[in-house]
Amino acid sequence: MRTWHIWNSIRFKLPKVPWHQFVWHKLNITRYAHCEWLACHGRLSTFHRLALFGIDIMPHYLLCAGGIETLDHLLVSCLYSSFILHKLVNMVHDTSTAGFPTWLGLLTAWGNNGIAIHRNLLLLMAQIFCYHIWRERNARLHGKRLSRPEHFVRRDYH
1 MRTWHIWNSI
11 RFKLPKVPWH
21 QFVWHKLNIT
31 RYAHCEWLAC
41 HGRLSTFHRL
51 ALFGIDIMPH
61 YLLCAGGIET
71 LDHLLVSCLY
81 SSFILHKLVN
91 MVHDTSTAGF
101 PTWLGLLTAW
111 GNNGIAIHRN
121 LLLLMAQIFC
131 YHIWRERNAR
141 LHGKRLSRPE
151 HFVRRDYH
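The sequence shown: position 146 = 146 (full-length UniProt numbering), numbered continuously.
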């Protein structure tokens, strides 16, 4: 019996998720793609997620102090991240951030963009954005110096 027969008999294979090509595309950067992969799976340890596990923690939001820290608030609807997201989208002359209340909705819209170079740029930008927002959130959680959103865009993307 071959090894792959054994492997296929013991593993549980799930169908591919619809967003896999938006995370694992040919231009991805592994560090950023991994963070985005965790976000798409809903596995980033936001305060809301930690509270669901029964961890006694105040589920407030660190970047804008506006509500409970959920993944979609963190990446799409908070004032801090939406300011950065709109600035980045304006740099590539795209208007597709409006009307997407979830991270997966925004990612799907960008991944279905018809022009290949534009789509690849948006998907790579989404990975970098997700990583740096998560990094800024963790820096604030652990008492590091705060970055203004204007500084974030100027420093990391120009």
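A virtual CB, placed ideally from N, CA and C, is assigned to each residue, including glycine.
Short Cβ contact (8 Å threshold) for residue i with residue j
i: E136; j: L63; result: yes
i: K87; j: V153; result: yes
i: Q127; j: A51; result: no
i: Y80; j: P15; result: no
Rounded straight-line distance, which links the Cα of residue j to that of residue i
i: R140; j: I57; result: 15 Å
i: W110; j: A116; result: 11 Å
i: V89; j: F100; result: 14 Å
i: N138; j: R2; result: 45 Å
i: N8; j: W103; result: 33 Å
i: L107; j: W19; result: 8 Å
i: W134; j: V23; result: 16 Å
i: K13; j: R31; result: 25 Å
i: C78; j: L85; result: 10 Å
i: Y61; j: L74; result: 8 Å
i: Y131; j: I55; result: 24 Å
i: L27; j: C40; result: 18 Å
i: R145; j: F129; result: 19 Å
i: R35; j: H5; result: What sits at residue 35 in the sequence shown is Cys, not Arg. Straight-line Cα distance between these residues: approximately 32 Å.
i: N120; j: I29; result: 12 Å
i: S82; j: Q21; result: 24 Å
i: A65; j: H151; result: 19 Å
i: D156; j: F53; result: Any answer about D156 is weak, because its pLDDT of 47 lies below 50 and its placement is not dependable; what the coordinates show is given next. Taking the straight line joining both Cα atoms gives about 34 Å.
i: G105; j: H25; result: 17 Å
i: R11; j: G42; result: 22 Å
One or two residues paired with residue i in a DSSP bridge
i: I10; result: Per DSSP, none; premise fails for I10.
i: H60; result: I68
Anticipated Cβ contact below 8 Å, residue i with residue j, distance rounded
i: N113; j: L122; result: 6 Å
i: H118; j: V92; result: 7 Å
* Asked: Does the region 42-49 touch the region 63-71, meaning 3 or more C-beta pairs lie closer than 8 Å?
  -> Verdict: yes, contact present.
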